[in-house]
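*Asks:* Take this structure first; my questions come after.
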Amino acid sequence: MPKTDLPKAYEAKGLEDAIYKQWEESGFFNPDNLPGERSESFTIAMPPPNVTGILHLGHAFENSLMDTEIRYQRMKGKKALLVPGTDHAAVATQARVESELKKQGLVNPRQELGREGLLEKIRDFADNHKSIIISQIKKMGTSCDWSRLAYTFDDARSKAVNEIFRRMFNDELIYRGYRVINWSVKGQSTCSDDELEYIDQKTTVYTFKYSHDFPIAIATTRPETKLGDTAVAVNPDDERYKGYIGQKFTVDVGAQKPLIITVIADAGVDINYGTGAVGVTPAHSAIDFEMYQKNKDIGIIPVIGKDGRMTEDAGQDYQGLTVLEAREKFVAWLKANSLYISEEEITHNVGTSDRFGDVVEALPMEQWFIDVNKKIPGREKSLKDLMREAVTVGHQANPEKIIEITPDRFKTIYLHWIDNLRDWCISRQVWWGHRIPVWYCDDCGSISYGDTKQEKCEKCNSQNLRQDEDTLDTWFSSGAWTFSTLGWPEETADLKKYHPTTWMQMGYEILFFWMARMILMTTYVRNDIPFRQVYIHGMLRAKDGQKFSKSLGNGLDPIEIINKYGTDALRLSLLKGTTAGNDMRFYEEKVEGARNFINKVWNISRFILQSIEDIKIIDVEPEAKTLADKWILNNLRSVTALTNQAMDKAEFSYTSEKLYEFTWNDFADWYLEIAKIEGGKDEILLYVLQNLLKLWHPFIPFVTEEIWKNFDSGKLLMIENYPESISDHDTNANKKENEMVVDFELIKEIISTIRNLRAENKIEPVKLVKVVMMTKSKEALINEQVAIIKKLARVEDLQIIENNQKPENSISAIAGEVQIFLLLTGLVDVSAEKIRLEKEVSETEQYIEMLSKKLANTEFVQNAPPKVVDLEKEKLAKAHEKMIKLKQQVVDLK
RNA sequence: GCACGCCUAGCUCAGUUGGUUAGAGCACCUCAUUUACACUGAGGGGGUCAGGGGUUCGAAUCCCUUGGCGUGCACCA
């Protein structure tokens, strides 16, 4: 029975939630339930959104990418698994909750609530966001297996985190060390190097001497830290200062004790920069600390504390001052004592905490680190080595274990980052996170691993044990994501089946944070790669190219857009016109365009379903009866082949554009109109539509599934087989060789040409016209297709003549080798016709000239592939033919 | 400072290993008013592919170079 009850426009709202529920209840999101023999698995571990907030457009983009991929693979017959999850986002979440609590009136939430009290607040906050996030992921249509839902901070993941820590601790890859780290005063916690955001800041660089008898002037942007200087470094080849190397000078700059400044040699000092000498402050500069480690006897004097104020060691005059107050005071002192030489305004960048926002202090502290350079016991390789080989020669030099990065330029960026990588500081002084599973014995001083409460010290039996207060960097747990979500450390069936994962997509901004850490963890723990392919995507930006941000207030809520336009429209607008690695601008007009297209798909289906009696599934390509049938089936084969090829390369934009063209231009604009004329195409219409729905499903799952219901196939579209390419020929070449397609294209051209003549001569669209055509070889074709031409070009009378006699009172144009004369009832506007023809003559002349030149060039004829040369010859012949006709038309005009 | 990316129609962007007279969407202009779809249809205008040089029979595409925009890393005495 034809369907008569379909609404005129597709209304996504109201339908989508029900469809999602149906998918979910089918159980097919879980690959173990998928029908048929499926030997190959395809796994994606969803980048877990942070529970700091709710999902933004960037998440919608990422969900569109991964869901389109996983749906494609599911339809291709793979065991397709998309593991969903969320991230507790340690520092970020605590920072967020603390700032909210402060808004509510608390002054120091950590002090006022205590560890358990604050954690409870954060847990509530996180749980709340988790459930919002999950419902948002569902809104986006993401087909993930909810039975495997994970959270970086749940019991299973915490178990994995502790086990990794234990192994690294035993291998002495994790160590506790006294180092200069990045300290956020505001957050009262460390930050890793990657968690810094550098911003430009204007500052003053002061040049001065420590004392009148000190021989070398130095410069600094941080005068207050000079109270903790213990050395001056010069280049060993610097003739000016060579003689001083090794000498010690005692200077009194007002610190608690006079400073003993040793002149040391360091090849890293640039002779030509500034004074050529560097004041060394081991306690408050990572670089200076490195110098100190090479020359420990120079000493280290911390003059800034965790509270961001000057310490006792800075001296009575300075103790308790903020760094800025101390800076002013010290500069004033230099001036008063005539030690000040000069100052200069410069712009330099300072590191700020990406979560707390304050400029970080470099402070020396005991922290936990992962040693990236140490050889792993029993492996002869460092973590850095493992991280490198996974993207170059393959893990353990196994070429089958190479991670492919798309686009591959990010491989270079990643390798460069590894070269500069220092030991990873993993301890944080926030409370929200995996507590470091290490216990200290207050009696014997031993340090031991323990993931649960330790009753007594293994070494001395003391019960005075306490656990480390710190928590782990959130990326420590994220690094384990691909395997911790599959049940590790148990050797689960899931791990065997679904790991390494197949595909991963992420924004380039977390390449180092996440991709690098996943590679580090997985190669170390699993002795394997975490995934085979990484698709790096760009950032979404506003229409003016600015970042979406809260402070700019230009953010768009994906759920609002979904409510307005539907999920499919949002998904399509995010994928069409977006290429790997590049940023894209997002604005509502794009979604509107996509929504219009989705409505087009709906109406194509509506037309077919309403006009067909026997609605059924057509599995086998039906027989083509007319030229148009052959053409549409041929084009469907082409677009199917293209889609398969492009999807296998994750070219989402290209795929969607090709499908879009076929759907709107070929199928809707031409074939459906012809179907109305020729009739008897029920099976072909159903066949093409059903194939289209399958091809489109990964991109726009809701509308396609909704339409699919009308076929009563008893099966969800989601698990239908994706149409396979029938031929493996080059589809483009095939197309060109195919005369039938050429014939149909000519018919299209004839129709367009007549339409164009009509429009240019202001003939009312409803008015029927008389047309005469002149052709040598296409008479049979035109006669065969005359009904189509008549109807689509609004022609009431079509005659074919052979002589070169132009019909009276007509205007003419050329389509291929066919000359078309449109008979006018009124007088021909000769001057307008002349201008039009002359323009075409001159264009054709230029074209002929270009082609002739090309073909006259013997080098071209000799060197270019014969196929190309033949093509050019053919083009020239056609152009000549056209020219003759055009000239005749010009003559006839007079 | 080093590296990477981008510059194609008014706007936003595609353009696969170099080979049709360089494409799409939006916007614009003309026409159509109930058609499966106005979330529509038909027709049209609009580009020295940032500038310069090179390689090649042939360059938007490869190389060099200049400029503009952006990003990463390093330096930041």
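Numbering-wise, the first sequence is residues 5 to 898 according to our numbering. Quick reminder that beta carbons are idealized off the backbone N, C-alpha and C, glycines included.
1. Closer than 7 Å by C-beta to Asp4: which residues in its own chain qualify, once you throw out the five before and the five after it? Chain order, please.
2. From Asn567 to Ala22, what does the alpha carbon distance come to, in whole angstroms?
3. Which first and last residues belong to the beta strand (DSSP E) in which Ile407 is found?
4. Just how far apart, CA to CA, sit Gly511 and Asp548?
5. Could you work out which residue in Asp474, Lys298 and His399 is closest to Met369 when comparing CA atoms only?
6. In angstroms, rounded to a whole number, what distance separates the CA positions of Glu167 and Glu201?
7. Secondary structure at Leu890, three-state DSSP: helix, strand or coil?
8. Sorted by chain position, which residues of the same chain lie with C-beta nearer than 7 Å to Ala883's C-beta, five sequence neighbours on each side aside?
9. Rank Leu328, Ala235, Val236 and Pro219 by C-alpha distance to the C-alpha of Glu228 and give the top, closest one.
10. When you compare only the Cα positions, how much space is there between Ser357 and Asp198?
11. Which residues mark the beginning and the end of the alpha helix (DSSP H) in which Asn67 is found?
12. Rounding to the nearest angstrom, what Cα-Cα distance links Leu231 and Asn531 in this structure?
13. Ala584 by DSSP, collapsed to three states: which one?
14. Since Leu690 contacts Asp747 with CB under 8 Å, what's their CB separation in whole angstroms?
15. Rounding to the nearest angstrom, what Cα-Cα distance links Asp587 and Ser577 in this structure?
16. Can you tell me which of the three DSSP states Pro368 falls into?
17. Report all residues from its chain with a CB closer than 8 Å to the CB of Trp187; omit the five preceding and five following residues, and keep chain order.
18. Between Ile440 and Ile374, how many whole angstroms is the CB-CB distance? I'm expecting something under 8 Å.
19. Check this for me: beta carbons of Asp241 and Thr156, under 9 Å apart or not?
20. Please report the distance separating the alpha-carbon of Ala223 from that of Ser289.
21. For Ala817, which residues of its own chain have a beta-carbon under 6 Å away from its beta-carbon, when the five flanking residues on both sides are left out?
22. Which residue wins for smallest C-alpha separation from Val899, given the options Glu876, Arg575, Thr829 and Gly557?
23. Assign Val189 to buried or exposed, taking buried as 16 or more other Cβ atoms, counted over all protein chains shown, within 10 Å of its Cβ.
24. Trp635 lies in the alpha helix (DSSP H); which residues open and close that run?
25. Would you mind stating whether Leu10 and Trp606 have Cβ atoms separated by less than 9 Å?
26. Pick out whichever of Asn558, Ile406 and Asp317 has its Cα sitting closest to the Cα of Thr396.
27. May I ask which residues mark the beginning and end of the beta strand (DSSP E) holding Ile203?
28. Since I believe Lys106 is in contact with Pro113 (beta carbons under 8 Å), could you give me their beta-carbon distance rounded to a whole number of angstroms?
29. Would you check if the distance between the CB atom of Glu20 and the CB atom of Gly542 is smaller than 9 Å?
30. Using C-beta distances below 8 Å, list every residue in its chain close to Thr644, excluding the 5 sequence neighbours before and after it, in chain order.
31. Around the C-beta of Ile888, are 16 or more other C-beta atoms found within 10 angstroms, so that it is buried, or is it exposed?
32. Tell me the start and end of each unbroken alpha helix (DSSP H) in the stretch 422-505 that is at least 4 residues and wholly inside, in chain order.
33. On the CB-based measure, 16 or more other CB atoms within 10 Å of its CB, does Ala99 come out buried or exposed?
34. Report the rounded CA-to-CA distance for Tyr210 versus Asp233, giving the unit in angstroms.
35. When the Cα atoms are used, what is the spatial distance from Phe666 to Ile422?
36. Pairing CB atoms from the stretch 447-464 with CB atoms from the stretch 170-184, are three or more of them under 8 Å?
*Replies:* The short version:
1. Past the edges of the chain, shown from 5 to 898, lies residue 4, and the structure says nothing about it.
2. 14 Å
3. Where Ile407 is concerned, there is no enclosing beta strand (DSSP E), given that its DSSP letter is neither H nor E.
4. 20 Å
5. Asp474
6. 31 Å
7. helix
8. Thr848, Tyr851, Ile852 and Leu855
9. Leu328
10. 10 Å
11. Leu61 to Met79
12. 49 Å
13. coil
14. No, Leu690 and Asp747 are not in contact; Cβ-Cβ is about 25 Å, not under 8 Å.
15. 14 Å
16. strand
17. Ser193, Thr194, Cys195, Lys310, Val364, Glu365, Ala366, Leu367 and Met369
18. About 12 Å; that fails the 8 Å criterion.
19. no
20. 15 Å
21. Thr757, Leu761 and Ile824
22. Because residue 899 is not part of the residues shown, which for the chain are 5 to 898, the question remains open.
23. buried
24. Leu631 to Asp652
25. yes
26. Ile406
27. Leu200 to Phe212
28. 7 Å
29. no
30. Asn695, Leu699, Pro727, Glu728, Ser729 and Ile730
31. exposed
32. 478-482, 485-488 and 497-502
33. buried
34. 15 Å
35. 46 Å
36. yes
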